[in-house]
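Engineer: Residue numbers (the numbering used here), protein chains in the order written: chain A, 1 to 471; chain B, 1001 to 1226. Let me begin by handing over the structure; questions about it come next.
Written as structure tokens, this is what we have:
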């Protein structure tokens, strides 16, 4: 029986745990084992590393000691420090154990071939959208605490498509500017171009050179954007398609660095995939044009406009909100059973095809736009659109002012639901809320419904958003 | 009826060519060749289980006995490898295997050329042998060492069996050399370790450490010769 004695425990943690004898994962920094009750993972650092980590871990514990339950679901903060293992002095920390059915994110989104294995098992693209959101949320939490991760990529997140959630790893390696130095520079393909461009050859260095620029929150923002788009489009949108030097290493450093070009750059097509925009299930490559205008704007800001203007890169919180809002626009394709963002922003309905199988929806769903009251009682668009299908719900956060979608909605949040009315031939929204709605001058009480036809305006009461059916 | 999903890996991915040069001479008959067979199947399975390695690693299998044969049509995606039944007979034509390796390096490995299509990572080569080479292997080895193009900088040689000539093994090898016994389990460990090395290499290249010696921790019963 292996017993571990702890100290500096957070509230509710025991002062000792017993380890399972069967599983040990050995990495470069230390070993990870799990408690017998399966609740916790225990990381014990190798001897040479322990002293370096000791002060850092104490600070990291303090930084992440006040997370809300919504924030905590995305991270694995240290819950206690390890003092002894079977009465032998060691150093390490305890964290929540990731559920066994989670897998490395790379095993889910590396490329379409990998993703299709999960699609065939019942997952769909909507799950990936939620995973992308949880990745953005985790980085936003980190940045909110003044930390940077410095190693954001698809091997440092564990994910469950069933839960549609990702959990960030390696939080014990976070950096704080001028205080906690980063230990790594990142994974090529995800590293910001300015880091790659800071490479200085040095024959005395073990790797033949050094990066002189340290990663921070700004480079994190770049890595995050790469990862988000990789999750959504199943490819690295900055992959060079040509060689920039005769040596692979130098060529990749230039291709992702000095010569970094967005694969869908409006003017420069050097890195543009051949089958871009062609249906994925017909050998095509997903295009960022399948994303909402807001998500595309964030991508363009990161990879085109501000590629080398680091300070203007979109923040993690901006990505998290845009992804949260986008999820309300999902539509399931009846042909291939994939979910995609219904492209209500495209003027012609014939353009709104499924990016996976290329078919046109047999039924174009009503799309509701939400507006908020501004100055002098005028309502302005807040770029929130909801696509309704039979069996959809209207949620409280969609009609309440100044609210973004929570990560998980519950039944308690439902204020309406849709039903198909064969008499009118339209989708109807049923009022499940306590208060009466006013729709195009007509009162709609609890239990009554309103047809979602173009031009319908729904007023939910003072202080609430206004909803307009756009089509 | 489920929808057919015909997808492609995507453009711009570099390949890591992995060569397996396997001794199938007469002295490998019996348990040894069976263990090599099982080990090869394990190698392919391990590669397929790693998402990144599955995409990146492309394999060529060369067996050598009285002559040398390429069992795969060049360097092929790991997902398409079909392993035939291996037989052990004849002498040990390691030189022929080296020459076949040379030919494949020239024709199957894509060279990085500025302005051209994406080239391959530098190949990883494993050599597994249990005895003395019986052909002119020295000149073939020198030719490989002298390559300027598509260099072989990561070759791992493993000698198996108690009768292995350690001095000759060191002369054969280009790079790290190990000795192992000829128990079936050791052959399985060899292939499992080879898959781990290949997987580690794919990640190392991603962090821009292509030119660094691969950090390898061989199985406990492998003895490092050099």
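Beta carbons are placed, not taken as given, at the ideal position from N, Cα and C, and that holds for glycine. Computed from a predicted model, the values in this text were never measured in an experiment.
For chain B, check one thing: does any of its Cβ atoms lie closer than 8 Å to the Cβ of residue 287 (chain A)?
Structural biologist: No, no contact with chain B.
Engineer: Give the residues from the stretch 1022–1055 of chain B that approach chain A closer than 7 Å (Cβ to any Cβ), ordered along the chain.
Structural biologist: Those residues of the stretch 1022–1055 of chain B that come within reach of chain A (Cβ to Cβ, closer than 7 Å) are 1051, 1052, 1055.
Engineer: According to DSSP, what are the bridge partners of residue 96 (chain A)?
Structural biologist: A:40.
Engineer: Counting only Cβ pairs nearer than 9 Å, list the residues of chain C close to residue 243 (chain A).
Structural biologist: Looking at the structure shown, chain C is missing, and the protein chains on hand are A and B.
Engineer: Taking just the CA atoms, how far does residue 295 (chain A) sit from residue 467 (chain A)?
Structural biologist: Their backbone Cα atoms lie some 22 Å apart in a straight line.
Engineer: For chain A, is any of its Cβ atoms less than 8 Å away from the one on residue 1189 (chain B)?
Structural biologist: No, residue 1189 (chain B) lies away from the interface with chain A (no Cβ there is under 8 Å from its Cβ).
Engineer: In the DSSP assignment, find the beta strand (DSSP E) that holds residue 165 (chain A) and state where it starts and stops.
Structural biologist: From DSSP, the beta strand (DSSP E) with residue 165 (chain A) extends over 165–168.
Engineer: For the stretch 1161–1193 of chain B, which residues have a beta carbon sitting closer than 7 Å to at least one beta carbon of chain A?
Structural biologist: So nothing in the stretch comes that close.
Engineer: For residue 1213 (chain B), which residues of its own chain have a beta-carbon under 6 Å away from its beta-carbon, when the five flanking residues on both sides are left out?
Structural biologist: Reliability of the predicted coordinates at residue 1213 (chain B) is poor, the pLDDT of 45 falling under 50, and no value is obtained from them.
Engineer: At what residue ranges does the stretch 1153–1181 of chain B contain a whole run of the beta strand (DSSP E), taking only runs of 3 or more?
Structural biologist: Entirely contained in the stretch 1153–1181 of chain B, the beta strand (DSSP E) runs reaching 3 residues are, in chain order, 1154–1160, 1177–1180.
Engineer: Taking 8 Å as the cut-off, decide whether the C-beta atoms of residue 243 (chain A) and residue 1116 (chain B) are in contact.
Structural biologist: Cβ atoms of residue 243 (chain A) and residue 1116 (chain B): closer than 8 Å.
Engineer: Which of the residues in the stretch 92–107 of chain A, read from start to end, lie with their CB under 7 Å from any CB of chain B?
Structural biologist: Under the 7 Å Cβ criterion, the stretch 92–107 of chain A contributes 106, 107.
Engineer: Taking the C-alpha atoms as reference points, what is the distance between residue 455 (chain A) and residue 322 (chain A)?
Structural biologist: Taking the straight line from one Cα to the other gives about 26 Å.
Engineer: Going by beta carbon distance, what residues of the same chain come within less than 6 Å of residue 1189 (chain B), once the five residues before and after it are set aside?
Structural biologist: If we look at residue 1189 (chain B) and ignore the five residues flanking it on each side, its Cβ neighbours are 1219.
Engineer: Roughly how many angstroms lie between the CA atoms of residue 1211 (chain B) and residue 1057 (chain B), to the nearest whole one?
Structural biologist: Because residue 1211 (chain B) carries a pLDDT of 47, less than 50, the predicted location of this residue cannot be relied on, and the following value inherits that uncertainty. Approximately 18 Å, taken between the alpha carbons.
Engineer: Measure how close the beta-carbons of residue 291 (chain A) and residue 180 (chain A) come, nearest whole angstrom, since I'm counting them as under 8 Å.
Structural biologist: About 35 Å separates the two Cβ atoms, so there is no contact after all.
Engineer: For residue 1180 (chain B), collect the residues of the same chain with a Cβ closer than 7 Å to its Cβ; drop the 5 residues on either side in sequence, then sort them by chain order.
Structural biologist: So the list reads 1158, 1160, 1186, 1190, 1221, 1222, once near-sequence residues are dropped.
Engineer: Within the same chain, show all residues whose beta-carbon is closer than 6 Å to that of residue 479 (chain A), passing over the 5 residues directly before and after it, in chain order.
Structural biologist: The requested residue 479 (chain A) is not part of the displayed model; chain A covers only 1 to 471.
Engineer: From residue 210 (chain A) to residue 204 (chain A), what does the alpha carbon distance come to, in whole angstroms?
Structural biologist: Rounded to whole angstroms, residue 210 (chain A) to residue 204 (chain A) spans 10 Å at the Cα level.
Engineer: In angstroms with no decimal places, state the Cα-to-Cα distance between residue 278 (chain A) and residue 126 (chain A).
Structural biologist: Distance between the alpha carbons of residue 278 (chain A) and residue 126 (chain A) is about 19 Å.
Engineer: Does DSSP put residue 187 (chain A) in a helix, in a strand, or in coil?
Structural biologist: Looking at residue 187 (chain A) - three-state DSSP - the assignment turns out to be coil, as it is neither helix nor strand.
Engineer: So with CB distances below 7 Å, who are the chain B contacts of residue 110 (chain A)?
Structural biologist: Per Cβ cutoff of 7 Å: 1051, 1052, 1055.
Engineer: Can you name the start and end residues of the beta strand (DSSP E) that residue 332 (chain A) belongs to?
Structural biologist: From DSSP, the beta strand (DSSP E) with residue 332 (chain A) extends over 330–332.
Engineer: Kindly say whether residue 1075 (chain B), judged by its beta-carbon, lies nearer than 8 Å to any beta-carbon of chain A.
Structural biologist: No, because no Cβ of chain A sits closer than 8 Å to the Cβ of residue 1075 (chain B).
Engineer: Just to confirm my understanding: we take residue 306 (chain A), look at its own chain, exclude 5 residues before and 5 after, and list those with CB closer than 6 Å. What are they?
Structural biologist: Same-chain partners within the cutoff: 312, 313.
Engineer: Thinking C-beta only, is residue 1050 (chain B) closer than 8 Å to residue 1111 (chain B)?
Structural biologist: It is not a contact, given that the beta carbons lie outside the stated cut-off.
Engineer: Rounded to a whole number of angstroms, what is the C-alpha to C-alpha distance between residue 293 (chain A) and residue 219 (chain A)?
Structural biologist: In a straight line, the C-alpha of residue 293 (chain A) is about 24 Å away from that of residue 219 (chain A).
Engineer: Looking only at C-alpha atoms, which of A:54, A:149, A:470 sits nearest to residue 386 (chain A)?
Structural biologist: Checked all of A:54, A:149, A:470; the closest Cα to residue 386 (chain A) is A:470.
Engineer: Can you grab the Cα-Cα spacing for the pair residue 43 (chain A) / residue 1028 (chain B), in whole Å?
Structural biologist: Each residue's alpha carbon lies about 44 Å from the other.
Engineer: What whole-angstrom Cβ distance do residue 319 (chain A) and residue 136 (chain A) have, given they're in contact under 8 Å?
Structural biologist: Right, the Cβ-Cβ distance comes to about 4 Å (below 8 Å), so this counts as a contact.
Engineer: I'd like to know whether the C-beta of residue 1006 (chain B) is nearer than 8 Å to at least one C-beta of chain A.
Structural biologist: Cβ-Cβ to chain A under 8 Å: yes for residue 1006 (chain B).
Engineer: Could you check what DSSP says for residue 1222 (chain B) in three-state terms: helix, strand or coil?
Structural biologist: The answer is coil: DSSP assigns residue 1222 (chain B) none of H, G, I, E or B.
Engineer: Mind pulling the chain B residues with CB within less than 7 Å of residue 335 (chain A)?
Structural biologist: Within 7 Å Cβ-Cβ: 1003.
Engineer: Checking 8 Å against the spacing of the C-beta atoms, do residue 1126 (chain B) and residue 1042 (chain B) come in under that value?
Structural biologist: No, these two residues do not count as a Cβ contact at 8 Å.
Engineer: With a threshold of 8 Å between beta carbons, is residue 4 (chain A) in contact with chain B?
Structural biologist: No, no contact with chain B.
Engineer: What does residue 1009 (chain B) touch in chain A if you count any residue whose Cβ is under 8 Å from its own?
Structural biologist: Within chain A, the residues near residue 1009 (chain B) are 111, 112, 113.
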